[in-house]
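**Q**
2 protein chains.
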Amino acid sequence: MLSRFGNARDALAALPSLSLRAGGKQLRPPDDVEDEIEQVRRYGAKIICACEASFPSALKQLSPPPPLLTIRGDPDHFRERCVAIVGARQASAVGRKLARDIAADLSDAGFKIVSGLARGIDGEAHAASLDGGTIAVLGGGIDHIYPPQHQRLFAEIAAKGVLVSESPFGHRATARDFPRRNRIITGLAEGVIVIEAAERSGSLISARTALEQNREVMAVPGSPLEPRSAGSNRLLRQGATLIRNAEDVIEALSISPTRALEAPSPPIFHADDNATDEIPKTQIQAVHAALSPTPILLDELARTAGISLPRCAVILVELELAGIAVTYPGGLAALALEPQP
Amino acid sequence: MLSRFGNARDALAALPSLSLRAGGKQLRPPDDVEDEIEQVRRYGAKIICACEASFPSALKQLSPPPPLLTIRGDPDHFRERCVAIVGARQASAVGRKLARDIAADLSDAGFKIVSGLARGIDGEAHAASLDGGTIAVLGGGIDHIYPPQHQRLFAEIAAKGVLVSESPFGHRATARDFPRRNRIITGLAEGVIVIEAAERSGSLISARTALEQNREVMAVPGSPLEPRSAGSNRLLRQGATLIRNAEDVIEALSISPTRALEAPSPPIFHADDNATDEIPKTQIQAVHAALSPTPILLDELARTAGISLPRCAVILVELELAGIAVTYPGGLAALALEPQP
């Protein structure tokens, strides 16, 4: 946008009409956004942007990184080595004890524990690592305490650790917010430990996300007669590292290199001069029509749409702003499965 | 021996003096041996030799194969695909159920279950696979029922399956017989399944033996809080295949090729003519002194002992007969850790 419009003011001014022209929804007016920033500030939290130094460097390497995070607590925790712990909400006593033991020992060893503040494994992992500084990623807004029974834990994490949300202030979490939250949980960490996950559990989706993010996937084994271990055992059969305690985790992470400090990949779009011309609506529609949910290389897309590659790239910026397209590293683009908020 | 003495009669006649000269113990007189063969026959069992067609082909590839086995029951079971199941004697209810389920399902799928007739996992595996034909390998003689509470199971296996022993008739098993028994259990099978094994359990030694025998090593996972799963989980971390049920076992065995039907490796000793000379006792002592518990190549050994390689090979035959040396494939020899029976 900066390349195309020359300065931030003109780029911002052009945003609403670009989004509408590409078929996206009406953008929130700037006053509205400024109100939210002020609300967040008064609540004792703050919004940080992916371009800021305090933004977690591990998240900067995600493709794409979350553009904004709301955080409450001490962002210095993001600078330490982080391990995610996830698992069943309806955890067994054995699973809960394992979560506590592993989280406490990793915390003593200097790791920050990242989890999702859910009941069961998440709550145990946070509670056992409070003093070392734990990181809780919320599905709802930074002010939305869920589940209600974790109210006290929520306050303790705000005081000693850090709360993180990618959702707007005041947003109440629904089921569709959790995949996005899970992406932040695993994205913040060098690796994820799955403790008790049934077949078709959300923790298995987290494990897959972690794999895509090039994070270490670890699982605690359980008896084949325990349904809450079915997902963990499946992960182990698929190649996850079997861990029994914190020592095993530290060993697994020392073998696989720390991946959190790599530089983010450079942006794939470089608009050129001729791309600043007014873009005909028919060309935008042609690119839109050429997209499918399966990612495709940009030059293939441009050829299908019958336009130049630089022009196609600029159109994709607009379609992505409108939540219609998504782009991936390696020069790939696809149709967004559902319009993004 | 046949190469050296030209015929079986002379070789047999020379055995007692060869053994004594190399420092071994007095051999049993032939009448004594014939009495045992007759006792075994009257008991309803029989002794088979590694050179016979009915000898299990999977055991023929071991280095060295057990020279003799006493068997009772139907030796045709050895011709089928075999899987060993081993585990804790003090098994949990969960471990016992898994042993039953896996053994029964593998038996239904046409596999013969091999185990050691011990309490716990062994007994469950045999009992659940009786109708398909199960193979029990005993630590004591073929007539020695141990543990006593398995008397009925013992009789049922004799009727429907097959009992196997490498020990002499009438021998009561002691702790030192079990490693030898375990070698037969895993040697008979394409792979071994470990169900519940504590740290430092005998099942872990079986797993290591199986690995050395090039058999598939499989283990059922369990909670890190269950001490009876500590050994199984350790095996899984070391690369054993995680199995949850019979289906997983069949998959694991279909991926790794059936190894049981390979030809035995050829003998490594080929005595030549000049080796039939009388061997001076000083040369035998020189080879004995040059041996250590660490296997060494024969040409290195011959050089250290200051004698020719063919002469060294003949001396090793005598030392091995006397239970002083052991030889390995690849032309290696070492000192036996304790004189063999």
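Chains as they are written, first to last, in my numbering: chain A, 1 to 341; chain B, 1001 to 1341. Just so you know, even glycine gets a beta-carbon here, dropped at the ideal spot from N, CA and C.
Can you pull the chain B residues whose beta carbon is under 7 Å from the beta carbon of R244 of chain A, in chain order?
**A** Within 7 Å Cβ-Cβ: P1224, N1233.
**Q** Relative to the alpha-carbon of F1078 of chain B, which residue among B:R1072, B:A1013, B:S1057, B:L1069 has its alpha-carbon at the smallest distance?
**A** Closest by alpha carbon: B:S1057.
**Q** Mind reading off the beta-carbon distance from Q213 of chain A to T241 of chain A? Whole number of angstroms is fine, and I expect it under 8 Å.
**A** About 16 Å separates the two Cβ atoms, so there is no contact after all.
**Q** Roughly how many angstroms lie between the CA atoms of R1183 of chain B and I1193 of chain B, to the nearest whole one?
**A** Spanning the two alpha carbons is a distance of roughly 14 Å.
**Q** For G331 of chain A, which of helix, strand or coil comes out of DSSP?
**A** Correct three-state label for G331 of chain A: coil.
**Q** Excluding sequence positions up to five away, which residues of its chain have a Cβ less than 7 Å from the Cβ of F1178 of chain B?
**A** Excluding sequence neighbours, F1178 of chain B sits near G1139, G1202.
**Q** Using only the alpha-carbon positions, how far apart do I1142 of chain B and H1126 of chain B sit?
**A** Distance between the alpha carbons of I1142 of chain B and H1126 of chain B: 17 Å.
**Q** Measure the CB-CB distance between V1162 of chain B and D1032 of chain B and report whether it falls below 8 Å.
**A** No.
**Q** Can you grab the Cα-Cα spacing for the pair R176 of chain A / L15 of chain A, in whole Å?
**A** Cα to Cα, R176 of chain A sits roughly 26 Å from L15 of chain A.
**Q** For K1112 of chain B, does the three-state DSSP call read helix, strand or coil?
**A** In the structure shown, K1112 of chain B sits in a strand (DSSP, three-state: E or B).
**Q** What distance in whole Å lies between the Cβ atoms of V1094 of chain B and L225 of chain A, which are believed to be in contact at a cut-off of 8 Å?
**A** 5 Å between Cβ atoms; contact.
**Q** Under the rule that 16 or more other beta-carbon atoms within 10 Å means buried, what is N233 of chain A, buried or exposed?
**A** Classification of N233 of chain A: buried, given that the 10 Å Cβ count is 16 or more.
**Q** Let's see if you can read the secondary structure: which residues bound the alpha helix (DSSP H) around I1205 of chain B?
**A** Note, I1205 of chain B: alpha helix (DSSP H), 1202-1212.
**Q** Would a C-beta distance cut-off of 8 Å place M218 of chain A and I250 of chain A closer than the cut-off?
**A** Contact: no.
**Q** Can you find at least 3 beta carbon pairs, one from the segment 1003-1020 of chain B and one from the segment 1032-1052 of chain B, that sit closer than 8 Å?
**A** No, the segment 1003-1020 of chain B does not touch the segment 1032-1052 of chain B.
**Q** What does a CB cutoff of less than 6 Å around I1307 of chain B pick up in its chain, not counting 5 residues either side in sequence?
**A** Excluding residues within five positions, the ones whose Cβ falls inside 6 Å are Q1283.
**Q** Per DSSP, what kind of secondary structure is C1049 of chain B in: helix, strand or coil?
**A** It is a strand residue.
**Q** List the residues that DSSP assigns as beta-bridge partners of V1040 of chain B.
**A** Per DSSP, none; premise fails for V1040 of chain B.
**Q** Say whether the segment 1112-1121 of chain B touches the segment 1080-1092 of chain B, bearing in mind that this needs 3 or more beta-carbon pairs closer than 8 Å, one atom from each stretch.
**A** Cβ pair count under 8 Å is three or more, so yes.
**Q** Whose CA, out of A:S292, A:E318, A:L20, A:Q238, lies closest to the CA of L332 of chain A?
**A** Minimum Cα distance to L332 of chain A is reached at A:S292.
**Q** Mark L1069 of chain B as exposed unless 16 or more other C-beta atoms lie within 10 angstroms of its C-beta, in which case mark it buried.
**A** L1069 of chain B should be labelled buried.
**Q** Between V1220 of chain B and chain A, is any beta-carbon pair separated by less than 8 Å?
**A** Chain A, which has a Cβ nearer than 8 Å to the Cβ of V1220 of chain B, makes this yes.
**Q** Is there at least one Cβ from chain B nearer than 8 Å to V162 of chain A's Cβ?
**A** Taking Cβ atoms only, chain B never reaches closer than 8 Å to V162 of chain A, which makes this a no.
**Q** In this structure, how does DSSP classify R176 of chain A when only helix, strand and coil are distinguished?
**A** Reduced to three states, the DSSP call for R176 of chain A is helix.
**Q** Scan the segment 1079-1105 of chain B for residues whose Cβ lies nearer than 8 Å to a Cβ of chain A and list them as they occur along the chain.
**A** So the list reads V1094, K1097, L1098, given in the order they occur along the chain.
**Q** I279 of chain A to A189 of chain A, Cα distance in whole Å?
**A** Rounded to the nearest angstrom, the two C-alpha atoms are 42 Å apart.
**Q** Could you tell me whether any Cβ in chain B is nearer than 8 Å to the Cβ of L297 of chain A?
**A** So no, L297 of chain A is outside the interface.
**Q** Taking the straight line between their C-alpha atoms, what separation do you get for P266 of chain A and A8 of chain A?
**A** In this predicted model, P266 of chain A has a pLDDT of only 37, less than 50, meaning its place in the structure is not dependable enough to derive any value.
**Q** Under 8 Å between C-beta atoms, does L211 of chain A make it to chain B?
**A** Not one chain B Cβ lies under 8 Å of L211 of chain A.
**Q** Beta carbon of E1036 of chain B, beta carbon of F1169 of chain B: below 8 Å?
**A** Yes. Within cutoff.
**Q** Within this structure, are the beta carbons of L1309 of chain B and V1287 of chain B separated by less than 8 Å?
**A** No, the pair does not count as a contact, with Cβ atoms beyond the cut-off.
**Q** Let me confirm a value: G1330 of chain B is counted as buried when at least 16 other C-beta atoms fall within 10 Å, else exposed. Which label applies?
**A** Exposed is the call here.
**Q** What residue from B:K1025, B:R1215, B:S1206 has the CA that sits closest to A1231 of chain B's CA?
**A** The displayed chain sequence assigns Gly, not Ala, to residue 1231 of chain B. For the residues B:K1025, B:R1215, B:S1206, the minimum Cα distance to G1231 of chain B belongs to B:S1206.
**Q** Does R1237 of chain B get closer than 8 Å to chain A when you measure Cβ to Cβ?
**A** At least one chain A Cβ lies under 8 Å of R1237 of chain B.
**Q** Less than 8 Å between the beta carbons of E1196 of chain B and A1088 of chain B, yes or no?
**A** Yes. Within cutoff.
**Q** With distances taken Cα to Cα, identify the nearest neighbour of R72 of chain A among A:G222, A:L12, A:S129, A:I157.
**A** It is A:I157.
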